[in-house]
Amino acid sequence: NAGVTQTPKFRVLKTGQSMTLLCAQDMNHEYMYWYRQDPGMGLRLIHYSVGEGTTAKGEVPDGYNVSRLKKQNFLLGLESAAPSQTSVYFCASSKGGSGANVLTFGAGSRLTVL
Amino acid sequence: GQQLNQSPQSMFIQEGEDVSMNCTSSSIFNTWLWYKQDPGEGPVLLIALYKAGELTSNGRLTAQFGITRKDSFLNISASIPSDVGIYFCAGQNSNYQLIWGAGTKLIIKP
């Protein structure tokens, strides 16, 4: 059981380049999330989705776009990368609905923007 | 918006020592979650707490849901080298949103 899989694990971009991070989950979870983690700042929510075809902004959405065309996949896009987007990105998923919102995380994608 | 204050920010301890960390807020939460992140990995759920006053253990880990619903505590007894990492608390509010603490980094002195 793979859980949450993120690709790629590492990527180096030049300022202004674009890229997409892919997240896939095999747990039939309704909700999916993208977080970024920076030293001393914990986890900050970028965007999330409460179901196929839906997306919503989180705490730090600027400079990112997302899409949830299939229930199992959640894509995070950077249209024009900036050095401030150098970070470790984590995807997570949860069952959703009422009750406790327990997240399962992927292993992370480390992005460096030069 | 809602915030969680997680402390301490980091801890240097000797192997075998007990560890305590906590999260506090001015807001009420319905669920408290404690995660651990190993270096180079994503956070993994350690303990989930669903009821005020609840005390739950997972091996050497014990966590409590504060009676006021505004805080939670995590204790680790007899620490071992594999306990190193970053521990995160997260509180779920009445809108089912998760609010995250900034993490406690645990370092074991050689």
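As they're listed, the protein sequences go chains A and B.
The numbering of the first sequence is the working numbering, which starts it at 6 and goes up by one.
The numbering of the second sequence is the working numbering, which starts it at -3 and goes up by one.
Just so you know, even glycine gets a beta-carbon here, dropped at the ideal spot from N, CA and C.
So residue i and residue j are supposed to be a Cβ contact under 8 angstroms. How far apart are they, rounded?
i               : j               : result
K14 of chain A  : L119 of chain A : The Cβ separation is near 18 angstroms, so there is no contact.
V9 of chain A   : C28 of chain A  : 7 angstroms
N1 of chain B   : T27 of chain B  : With a Cβ gap of about 18 angstroms, N1 of chain B and T27 of chain B do not count as contacting.
S68 of chain B  : L45 of chain B  : 6 angstroms
G113 of chain A : Q11 of chain A  : 7 angstroms
V107 of chain A : L29 of chain B  : 7 angstroms
Could you tell me the boundaries of the beta strand (DSSP E) in which residue i lies?
i               : result
S53 of chain B  : L51 to N54
R16 of chain A  : F15 to L18
S68 of chain B  : D67 to I72
N18 of chain B  : V15 to T20
Q2 of chain B   : N1 to S3
I9 of chain B   : S6 to Q10
K101 of chain B : T100 to K105
R115 of chain A : S114 to V118
K100 of chain A : No beta strand (DSSP E) contains K100 of chain A, which DSSP labels as neither H nor E.
Assuming contact is defined by CB atoms lying nearer than 8 angstroms, are residue i and residue j in contact in what I supplied?
i               : j               : result
I103 of chain B : M7 of chain B   : yes
F84 of chain B  : G47 of chain A  : yes
T117 of chain A : L80 of chain A  : no
I43 of chain B  : A59 of chain B  : yes
K75 of chain A  : H34 of chain A  : no
A86 of chain B  : R65 of chain B  : no
I9 of chain B   : K105 of chain B : yes
M32 of chain A  : T109 of chain A : yes
S92 of chain A  : R16 of chain A  : no
G63 of chain A  : H52 of chain A  : yes
D14 of chain B  : N71 of chain B  : yes
Please work out which residues of its chain come closer than 6 angstroms, Cβ to Cβ, to residue i, disregarding the five sequence neighbours upstream and downstream, and give them in chain order.
i              : result
N70 of chain A : G82
Using a cut-off of 8 angstroms between C-beta atoms, extract the partners of residue i located in chain B.
i              : result
M46 of chain A : A98
Given residue i, which residues of its chain have a CB within under 8 angstroms of its CB, disregarding the five upstream and five downstream residues?
i              : result
V40 of chain B : Y31, K32, Q33 and D34
E37 of chain B : none
Strictly below 7 angstroms CB to CB, what residues from chain A border residue i?
i               : result
A44 of chain B  : A105 and V107
G38 of chain B  : F95, F110, G111, A112 and G113
Q88 of chain B  : A105 and N106
L70 of chain B  : Chain A residues near L70 of chain B: none, gap ~15 angstroms exceeds 7 angstroms.
L102 of chain B : None at all; the shortest Cβ gap to chain A is about 15 angstroms.
Cβ closer than 8 angstroms: which chain A residues qualify as neighbours of residue i?
i              : result
T27 of chain B : A105 and N106
F84 of chain B : G47 and L48
L41 of chain B : V107, L108 and T109
Could you name the residues of the same chain whose beta carbon sits closer than 7 angstroms to that of residue i, not counting the 5 residues immediately before and after it, in chain order?
i              : result
Q22 of chain A : A86
G12 of chain B : A74 and S75
R73 of chain A : M37, S54, E57, G58, T59, T60 and F79
G99 of chain B : Q2, I82, Y83 and F84
D43 of chain A : S92
Under 7 angstroms from any heavy atom of the ligand ADP, does the C-beta of residue i make it?
i              : result
Q33 of chain B : Only the bare structure without any ligand can be found here, which leaves the ligand ADP out of the picture.
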